[in-house]
Amino acid sequence: MGKGDNLPSPGETGAAATDQARECEGKGACEFKQTRFSDQIMPHILNLYGSCAKANDFDMYAPNASFEDPLTHAQGVKQIKSAFYSLSKVFGESKIVEYHVQESDIAPGKKEILIDNKQHYKIMGKDIDMISLIKLSVENGKIVRHEDWWDKKPLRNRDTVGFPLVGRFMEMGRRGMMLATHAMMGFGKDPDSH
1 MGKGDNLPSP GETGAAATDQ ARECEGKGAC EFKQTRFSDQ IMPHILNLYG SCAKANDFDM
61 YAPNASFEDP LTHAQGVKQI KSAFYSLSKV FGESKIVEYH VQESDIAPGK KEILIDNKQH
121 YKIMGKDIDM ISLIKLSVEN GKIVRHEDWW DKKPLRNRDT VGFPLVGRFM EMGRRGMMLA
181 THAMMGFGKD PDSH
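Per UniProt numbering, the sequence shown starts with residue 1, numbered consecutively.
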């Protein structure tokens with residue numbers, strides 16, 4: 001799990017895929033070049049969730065991108081930085097231990113990437129394992145929306161709960177939590193050690 005299968009991407013069919021395969025046959029062993037956007041960003045995603053993010057790991061986001069999980073809703077790259085830099089402050093250990101990636105073209109210049117994964121955290125000496133579905137919306141080579149669905153359940157908001165007002169309060173709570181986290185983390189400043 002977690003490694004590309006070195007096959008042409010779903011969008012690469014016909015002559016391009018065949019020519020690449022023929023070229024490899026003549027050379028003996030070779031690898032196909034990485035063609036999926038997800039292959040480029042997975043090392044950065046693993047750094048984010050592994051509490052070892054560096055400033056360049058956030059270059060994959062559009063300036064106005066959003067990140068949302070059941071606890072927080074970040075708007076813009078600086079708040080996204082605060083959300084991920086805070087992981088090392090809360091958890092003794094955090095990482096994605098298993099994952100499977102599915103990438104789909106949904107329109108010209110737009111992709112959806114689904115990362116079915118298992119995350120491991122350690123808090124106050126206690127191990128916590130959790131399954132998650134990370135949904136990334138990509139436009140023109142940049143992530144514009146990053147959602148982390150814990151237990152693979154959609155985020156609860158005014159559109160997904162039975163009573164929209166309750167969902168709205170949940171959304172406001174996530175924004176409030178993010179603003180507090182953002183302030184505590186220096187408003188998205190990159191730590192000196194990064």
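Just so it is clear, CB atoms sit at the ideal spot from N, CA and C, and this is done for glycine as well.
Please read all numbers here as calculations on a predicted model, not as lab measurements.
Cβ-Cβ distances below 7 angstroms link Y85 to A53, M185 and P191 in the same chain, with the five nearest sequence neighbours on each side left out; the list follows chain order.
By the Cβ rule, the stretch 134-143 counts as touching the stretch 101-116, because three or more pairs are nearer than 8 angstroms. For the 8 angstroms CB-CB criterion, K122 and E93 form a contact. Here the alpha carbon of L155 sits roughly 6 angstroms from the alpha carbon of W149. P43: member of the alpha helix (DSSP H) spanning F37 to Y49, first to last residue.
By the CB criterion at 8 angstroms, Y61 and V77 fall inside the cutoff.
Restricting attention to V97, I128, D57 and T181, the CA atom closest to the CA of P43 is found in D57. Here I41 is buried. Its C-beta has 16 or more other C-beta atoms within 10 Å. Shown here for D129: same chain residues with a beta carbon closer than 6 angstroms to its own, the five before and five after excluded, namely H120 in chain order.
In this structure, DSSP gives N117 an extended state, which the three-state scheme calls strand. Sixteen is the threshold: since fewer than 16 other Cβ atoms of the shown chains lie within 10 Å of the Cβ of S104, the residue is exposed. The residues I96, V97, E98, Y99, D129, M130, I131 and S132, in chain order, have a CB closer than 8 angstroms to that of K118 in the same chain once the five nearest residues on each side in sequence are set aside. S86: not part of any alpha helix (DSSP H); DSSP gives it neither H nor E. One thing to note: F91 has its Cβ no nearer than 8 angstroms to the Cβ of S66. Burial check for I45: the Cβ neighbour count within 10 Å reaches 16 or more, so the residue is buried. In the DSSP assignment, the residues bridged to D127 are K122. Here the C-alpha atom of V144 lies approximately 13 angstroms from the C-alpha atom of Q79. Between the alpha carbons of L71 and A183 lies a distance of about 16 angstroms.
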